[in-house]
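Position 200, counted from 1, in the sequence shown is what numbering that gives the first Met the number 0 calls 199; the numbers after and before it change by one each time, with no gaps.
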Amino acid sequence: MLRYLLTMLTLLIAVVSSATYATDAKPDIEQLKLLVETDPQLAIQQADAYLARPLDDETRLQVLAKQCIAFMVMSNYDRVTAIYQSAELDIQKPGNESYHVQIESCYARSLERRGKIEQALSIYNKLISIAEQHDLKLQSAWVYSSRGQLFSYQGKYAKSIEDVARAFELFEQSGEDDKHFRLQLMNAMGNTYGYMKQYDRALQYYHLVDEELSQQGDIIGQSIAVYNIANTLVNMDRLEQALTFANKARALSVKGDDKLGVAYADMQIAKIESKQGDFEAALQAATSAHEVFLEYDDTEGIAKSLLNKAQYLHGMERTKEAIPFAQQAAEIYTRNNTLSGQEVSYELLAELAYNEQAYRDAYLHLKKRFELNAMIFDKDLNREVAAMEAKFNAQIQVQQNQLLQAQNEVKEAKLEQAAAHREQFRLLILALLIIATILTWQLVINRRARKLQALAARTDELTGIANRRHILELLQQEWERAVRYHETFTVVLLDVDHFKAINDKYGHSMGDKVLKAIASQLTASARVVDHVARYGGEEFIILLPKVDKRQAQGLVERVRQAIESIHIELLNETITASLGYADFDGKESLESLLSNADKAMYIAKAKGRNQSVASNTD
């Protein structure tokens, strides 16, 4: 009720003042920008009131740019298109390049949401050229960020990282203190880690974004951050926590009158219900969400809901009904050139075809899925993300230092002004600040100690890779996932040949160097999704998800050769290792699988060492 009265009062003031506006009234663009971030519906109404007045061209374009973003947030793509068409001629004029980039990038984003990916990408490329030609650093950062998110949606993660990194760089160079955009970049960083399945790091960024948006009162932005948290927790199989955040995201979307946000939250809740075995309820929720996505012409949501409906029908063993939905999802993802969506769709189609005993179709779908997987992952992703994160963290630190310096200057000025007659109060404030600082520092120390303790519990002290305890936890998780989804994985055990002789001849310090060098080579040889750990003494272990021992053969042999190529100064010996590996057959226990790999390793030693042997259990 209060919001309604405020809205009516705002419109009444706008109408009364419109007759005299031309001489002394100007739209408050900063206030309008704030409303876009906190209450987009009210921002739209305020912008309409401004546009009802006589405005000069520049002011009109400023208002239209903000209104366009508000309509984009509210998923009203028809109004976004109308704004772009009404401003198209004006933004082409010299001197209006900034508004050109703002309004047309908003329009491109609406095209992207409607599945017109190539058209949106073409616009982004054009706007980047315009923004860079006129040295519009902040506007360039906006477009690079939008294009980077489009690439991540398509599964082109290397290109996505490159664009987001460029957005960070330009945002830093712009000198602007746009907190809302900085949070968008932090959210993009979280998305990147999420796509790479580094869920703990993704959660760190999402929680930061959620906290700051909550403080700013940005309900819709916060609902997206909370949705991302829920989605990440689902991927980590932390279902109870995920359900709490999914319900929170839904409540925020309802509060913000965001029907699409409600639909996405319902999809997330349905996903959790399916993992808990309630496929019928999940199917109903996905069907309801699908209707909303169709209403808004949201291509991404349409494809996701189709794919989820197929997955839930598959869970209920209604294979024939599931196949058309999976095929439609694959067609949409293929049309939009969305590699990650295609990969999941073809993986599901392969399972469905196998269940229908259409073995050739299953083979072709699975082959397509592996081709897509190879296109998605890039060995340099971790390194590029780390560099991007370091640059962004440095930028945040600079801004925090500047803010702290400004705050200190203000405090000092106030203290000096009040020192003559408020000495006791000043001393009290100083004492409280000291106490707060001590308590804060103690909290920081305790938090850092807990983090170090948690890291130490998972990390081998000598080599810096995972330890036996952590790898056993990961193996248990992978075994449970493989059982649930009828997949396989491979375990590789290796033992350093003649390690005791090296210790006896050169000393334990040389032995430590050998172990460190092997750990480094294993990490470099493994894929991004693999896990490397020290199993104990001179034994190491590698977990290879979603590959059988036939597929693992090449990687295992490369690992053996990499170890053989190690050169350590003052060590006049060739370092070799014996490797044994076994894959999960869908039935055996984890203990049996490890035993098979161990037996194969000892066979390799018995055959003369410096070789790899696969388990012959099958």
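The beta-carbon is built from N, C-alpha and C at its ideal position, and this holds for glycine as well.
Query raised in the report: Near residue 74, what residues of its chain come up, given a Cβ to Cβ distance below 8 Å and the 5 sequence neighbours on each side ignored?
Result: On the sequence shown, residue 74 is found 75 positions in, with the first residue counted as 1. Around residue 74: 112, 257, 258, 259, 295, 297.
Report task. Go to residue 578, then tell me how far its beta strand (DSSP E) extends in each direction, as first and last residue. Result -> In the sequence shown, residue 578 corresponds to position 579, counting from 1. 576-582 is the extent of the beta strand (DSSP E) around residue 578.
Report task. Please check the pair residue 66 and residue 43, which I expect to be a contact at CB under 8 Å, by giving their CB distance rounded to whole angstroms. Result -> Taking the sequence shown and counting its residues from 1, the one referred to as residue 66 is at position 67. Taking the sequence shown and counting its residues from 1, the one referred to as residue 43 is at position 44. Going by Cβ atoms, the distance from residue 66 to residue 43 rounds to 6 Å, so yes, they are a contact pair.
Report task. Starting from residue 161, trace the alpha helix (DSSP H) both ways and give me its first and last residue. Result -> Counted from its first residue, the sequence shown places residue 161 at position 162. First-last of the alpha helix (DSSP H) with residue 161: 156-173.
Requested in this report: Give a yes or no on whether 9 Å exceeds the smallest Cβ distance from residue 370 to chain B.
Outcome: As a matter of chain content, chain B is missing from the structure shown, which is built from one protein chain.
Query - Inter-residue CB distance, residue 614 and residue 579 (contact presumed, cutoff 8 Å) - result: Here residue 614 refers to the residue found at position 615 of the sequence shown. Here residue 579 refers to the residue found at position 580 of the sequence shown. That pair is a contact at about 7 Å.
Query - Three-pair Cβ contact test at 8 Å for the segment 531-546 versus the segment 480-500 - result: yes
Requested in this report: On a CA-only basis, which of 225, 278, 222, 561 is nearest residue 521? Give me that one, please.
Outcome: Here the question's residue 521 lines up with position 522 in the sequence shown. Cα-wise, what sits closest to residue 521 is 561.
Query - Neighbourhood of residue 598 by C-beta distance below 6 Å, restricted to the same chain and skipping five residues each side - result: Within the sequence shown, the letter at position 599 stands for residue 598. So no residue of the chain qualifies.
Query raised in the report: When the Cα atoms are used, what is the spatial distance from residue 594 to residue 612?
Result: Position 595 of the sequence shown, counting from 1, holds the residue named residue 594. Position 613 of the sequence shown, counting from 1, holds the residue named residue 612. Roughly 14 Å separates the two Cα atoms.
Query - Backbone secondary structure at residue 657 - three-state DSSP - result: Limits of the chain in this structure are 0 at one end and 617 at the other, which puts residue 657 out of reach.
Query raised in the report: For the alpha helix (DSSP H) that contains residue 460, what are its first and last residues?
Result: Residue mapping note: residue 460 aligns to position 461 of the sequence shown, counting from 1. That residue, residue 460, is in no alpha helix (DSSP H); it is neither H nor E in DSSP.
Report task. Work out the CA separation of residue 271 and residue 588 for me, nearest whole Å. Result -> Residue 588 sits at position 589 when you count from the first residue of the sequence shown. Residue 271 sits at position 272 when you count from the first residue of the sequence shown. So the alpha carbons of these two residues sit roughly 27 Å apart.
**Report entry** Test item: CB-CB of residue 107 and residue 118 under 9 Å
**Finding:** Numbered from its first residue, the sequence shown carries residue 107 at position 108. Numbered from its first residue, the sequence shown carries residue 118 at position 119. Going by beta carbons, residue 107 and residue 118 fall inside the 9 Å limit.
Query raised in the report: Do residue 351 and residue 325 have their C-beta atoms closer together than 9 Å?
Result: Taking the sequence shown and counting its residues from 1, the one referred to as residue 351 is at position 352. Taking the sequence shown and counting its residues from 1, the one referred to as residue 325 is at position 326. Contact flag set, yes.
Report task. State the beta-bridge partners of residue 492 as determined by DSSP. Result -> Translated into positions along the sequence shown, residue 492 becomes position 493. Its beta-bridge partners are 540, 579.
Query raised in the report: DSSP beta-bridge partners for residue 535?
Result: For the purposes of this step, residue 535 is taken as the residue at position 536 of the sequence shown. Answer is 538, bridged to residue 535.
Query raised in the report: On the premise that residue 477 lies in contact with residue 217, defined as a C-beta separation below 8 Å, what is that separation, rounded to the nearest angstrom?
Result: Stepping through the sequence shown from its first residue, residue 217 is reached at position 218. Stepping through the sequence shown from its first residue, residue 477 is reached at position 478. Rounded, the Cβ-Cβ distance is 38 Å, inconsistent with contact.
Query raised in the report: Under 9 Å, do residue 463 and residue 512 count as touching if we go by C-beta distance?
Result: Indexing the sequence shown from 1 puts residue 463 at position 464. Indexing the sequence shown from 1 puts residue 512 at position 513. No, the Cβ-Cβ distance between residue 463 and residue 512 is not below 9 Å.
**Report entry** For residue 285, the three-state DSSP class (helix, strand or coil)
**Finding:** Sequence index remark: in the sequence shown, residue 285 carries index 286 (1-based). Three-state result, residue 285: helix.
Query raised in the report: Helix or strand or just coil, what does DSSP make of residue 379?
Result: Locating residue 379 in the sequence shown gives position 380, where the first residue counts as 1. Low per-residue confidence applies at residue 379: pLDDT is 47, beneath 50, and the placement is therefore not dependable, though the value from the model is reported in the following sentence. It is coil, neither helix nor strand.
Query - Where residue 144 falls: helix, strand or coil (DSSP) - result: Counting from 1 along the sequence shown, the entry for residue 144 is found at position 145. Here residue 144 sits in helix by DSSP.
Query - Neighbourhood of residue 114 by C-beta, 6 Å cutoff - its chain only, sequence neighbours within 5 removed - result: Here the question's residue 114 lines up with position 115 in the sequence shown. These residues qualify, in order along the chain: 298, 335.
Query raised in the report: What residue range is occupied by the uninterrupted beta strand (DSSP E) comprising residue 612?
Result: Residue mapping note: residue 612 aligns to position 613 of the sequence shown, counting from 1. From DSSP, the beta strand (DSSP E) with residue 612 extends over 611-613.
Requested in this report: Could you name each continuous alpha helix (DSSP H) segment of 4 residues or more that falls completely within the segment 109-140, going from the start of the chain to the end?
Outcome: The qualifying runs are 116-132.
Query raised in the report: Sorted by chain position, which residues of the same chain lie with C-beta nearer than 8 Å to residue 266's C-beta, five sequence neighbours on each side aside?
Result: Within the sequence shown, residue 266 is the residue found at index 267, counting from 1. Cβ within range, chain order: 284, 285, 288, 300, 303, 304, 307.
Query - Cβ contact (3+ pairs, closer than 8 Å) linking the segment 144-164 and the segment 335-345 - result: Contact holds: three or more Cβ-Cβ distances are below 8 Å.
Requested in this report: Would you check if the segment 166-181 and the segment 192-207 touch, i.e. whether three or more CB-CB distances between them fall below 8 Å?
Outcome: no
Query raised in the report: For the segment 221-287, which segments carrying the alpha helix (DSSP H) assignment without a break, of at least 4 residues, lie completely within its bounds, in sequence order?
Result: 238-254, 258-274
Query - Buried versus exposed, by CB contacts within 10 Å (16 or more), residue 537 - result: In the sequence shown, counting from the first residue as 1, residue 537 sits at position 538. It is buried - the Cβ of residue 537 has at least 16 other Cβ atoms within 10 Å.
Report task. For the alpha helix (DSSP H) containing residue 485, list its first residue and its last residue. Result -> To locate residue 485, count along the sequence shown from 1; it is residue 486. Note, residue 485: premise wrong, no alpha helix (DSSP H); not H, not E.
**Report entry** Opposing strand residues paired with residue 465 [DSSP bridges]
**Finding:** Position 466 of the sequence shown, counted from the start, is the residue given in the question as residue 465. In DSSP, residue 465 forms a bridge with 458, 532.
Query - Start-to-end residues for the alpha helix (DSSP H) that takes in residue 337 - result: Taking the sequence shown and counting its residues from 1, one reaches residue 337 at position 338. If you look at residue 337, you'll find it isn't in any alpha helix (DSSP H); DSSP assigns it neither H nor E.
Query raised in the report: Mind checking residue 84: buried by the 16 CB within 10 Å criterion, or exposed?
Result: Within the sequence shown, residue 84 is the residue found at index 85, counting from 1. Exposed is the call here.
Query raised in the report: Between the C-alpha atoms of residue 618 and residue 26, what's the straight-line distance to the nearest angstrom?
Result: Outside the modelled stretch of the chain, which goes from 0 to 617, sits residue 618, for which no answer is possible.
Query raised in the report: Count the other CB atoms within 10 Å of the CB of residue 221; is the residue buried (16 or more) or exposed (fewer)?
Result: As a working mapping, residue 221 is identified with position 222 in the sequence shown. Classification of residue 221: buried, given that the 10 Å Cβ count is 16 or more.
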